[in-house]
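A short worksheet on the structure shown next.
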Amino acid sequence: MKKTVIAGLAALMMGLGAITFAGPGNAVPEPSLIAGQIMVKFRDDASAAGVLRRHGLSDGPGIGSTGVHLIAVPDGKELQLIDALSRNPAVEYAEPDLVVTAATNDQYFPSQYALQNVGQPFTNTKGDIKIAAGTADADVDAVEAWTFTTGSGIKVAVLDSGVANDNPDINPKVAARANFTNGETGDDNYGHGTHVAGIVAASHNTQGVAGTCPACTILDGKVLNDSGIGSSSGLADGINWAVSNGAKVINMSLGVRASRTLETAVNNAWSKGVVLVAAAGNGGNQTKIYPGAYPNVIAVGATDNFDNKASFSTYGASWVDVAAPGANVYSTFPNHEFVLRAQYNRSLGYDVGNGTSMSSAVVAATAALAWSSHPGATNISVRANVELTAEKITGQDSYWEHGRVNACKAVGGCP
């Protein structure tokens, strides 16, 4: 059983900042460790038991397809044992299991400027959030893309806090669920995963919101617990599960410090033909977070309804690949009371969210649309379709390499 610790208020607040509470200053804090476990890669698995026995340890389960072992250790001895094991020539590497945190700060379709922006102002379901009128066409041209494809059942894995089973706009789109957290139910009692999943694939019907890829299906991998905290080992397991269950796209609206185990999981997924997308973070600076900063992941920054860089968005054209709307993005939320709802006064069912988490979901859905519209597509060609058709916005060349995504162009439907 994996153990998760909320190690300090800074880590907790990073997790909260991910849903709609992101803003200036919500950078990834100095990461905390998962207490009582480390990750070890042996050069020869046959030597594992003997090496571990010398330190009073026992072998542990594998982490996905990475070849890494998750080893239980005494609390407080993690770094000491990592140092000792790293000196053994039979060990390729040993590293901490890091805390992973969420990467954020049709009834309501008129409020979804990310999909179609006609310069509209709007309020939320309670009428108490007024969003200023934006700039017409500061959107991803999703409506235009839908005349060519709506997704054709492409599977998008949402590795997040789960997808609520009581929101009829997104729950029926879930094709499979798995829980990689510490003993909690698979339901979403945090809200972040439900919001992200709705951006990807909420149904086109007479209620709620429209997903960017409405005919996509969701693989719900719960890697963040009900406080929005997870582990790098759990995320690596989730990536492997998503690949095994046929994901064409994996969305990771979360952030963590660099991990060789996590990078191995990412690279394995890429080698199996999967497109990986992740949030760039909400620090308002150029600090890299992972998995977004890995070369085989599309890192996504955030724009607003004026096509400006969102004030909270992390940026840097050296590693952030594209951008997408991430400020005041309308989507699904759980219909039940979930953790910290009262503190942040979220509406049940639907509300706006802010953060590169939201932007990442738009890009993941755009990649899925591109998969469905190009016969013989590969992850290499789909990534190129998404990145090379992104629109360059004046003054943003230093923020992201390619520009703000355009779904219609990515599917080959617009000049």
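Residue numbers (the numbering used here): 208 to 622. Don't be surprised by glycine CBs; every beta carbon is placed ideally from N, CA and C.
For Glu302, DSSP records a beta bridge to Met246. With respect to the 8 Å criterion, Ala476 and Ile505 are not classified as neighbours on the basis of their beta carbons. Here Lys616 carries a helix assignment [DSSP, helix/strand/coil]. Rounded to whole angstroms, the gap between the alpha carbons of Gly491 and Gly257 is 47 Å. In this structure, the CA atom of Ala534 is about 8 Å from the CA atom of Met565. Look at Gly508 here: in three-state DSSP terms it is strand. In summary, Thr424 is buried, with 16 or more beta-carbon neighbours lying within 10 Å of its beta-carbon over all protein chains present. Of the candidates Asp528, Leu483, Cys621, Thr357, Leu483 places its Cα closest to the Cα of Lys455.
Residue pairing by DSSP places Ile361 opposite no residue, since no beta bridge is assigned to it. In the DSSP assignment, Ala343 falls outside any beta strand (DSSP E), carrying neither H nor E.
Residue range 381–386 is occupied by the beta strand (DSSP E) that includes Val381. In this structure, the alpha-carbon of Ala575 lies about 21 Å from that of Ala443. Closest option to Ser368, judged by alpha-carbon separation, among Asn396, Thr357, Asn389: Asn396.
Glu391 and Ile600 have their C-alpha atoms spaced approximately 43 Å apart. Sixteen is the threshold: since fewer than 16 other Cβ atoms of the shown chains lie within 10 Å of the Cβ of Asp344, the residue is exposed.
Assignment of beta strand (DSSP E) within the segment 383–437, counting only whole runs of 3 or more residues, yields 424–429 in chain order. Remark: fewer than three beta-carbon pairs, one from each stretch, lie closer than 8 Å, so the segment 424–440 and the segment 248–264 are not flagged as touching. Shown here for Ala571: same chain residues with a beta carbon closer than 7 Å to its own, the five before and five after excluded, namely Val363, Val407, Val456, Asn458, Val484 in chain order. In the assembly as shown, Asp604 is an exposed residue. Its beta-carbon has fewer than 16 other beta-carbons within 10 Å.
Contact fails between the segment 492–504 and the segment 295–304, because fewer than three Cβ pairs, one in each stretch, are under 8 Å apart. The alpha carbon of Tyr537 has as its nearest neighbour, out of Cys621, Asn452, Ala409, Ile278, the alpha carbon of Ala409. Residue state for Asn474 is assigned as helix, using DSSP reduced to three classes.
Collapsing the DSSP output to three states places Val350 in a helix.
Distance from Gly405 to Thr585 at the Cβ level is roughly 28 Å; contact not present, criterion being Cβ atoms closer than 8 Å. The alpha carbon of Gly274 has as its nearest neighbour, out of Ser588, Leu322, Tyr300, the alpha carbon of Tyr300.
Straight-line spacing of the CA atoms in Ile338 and Ala349 works out to 21 Å. Val450 sits in a helix when the DSSP states are folded into three classes. Ile587 counts as exposed, since fewer than 16 other C-beta atoms from the protein chains shown sit within 10 angstroms of its C-beta. For Gly560, the uninterrupted beta strand (DSSP E) run begins and ends at 557–560, by DSSP. In this structure, DSSP gives Ile600 a state outside helix and strand, which the three-state scheme calls coil. CA-to-CA, the gap between Asp304 and Phe355 works out to about 43 Å.
Boundaries cannot be given for Ser318, as no beta strand (DSSP E) includes it and DSSP labels it neither H nor E.
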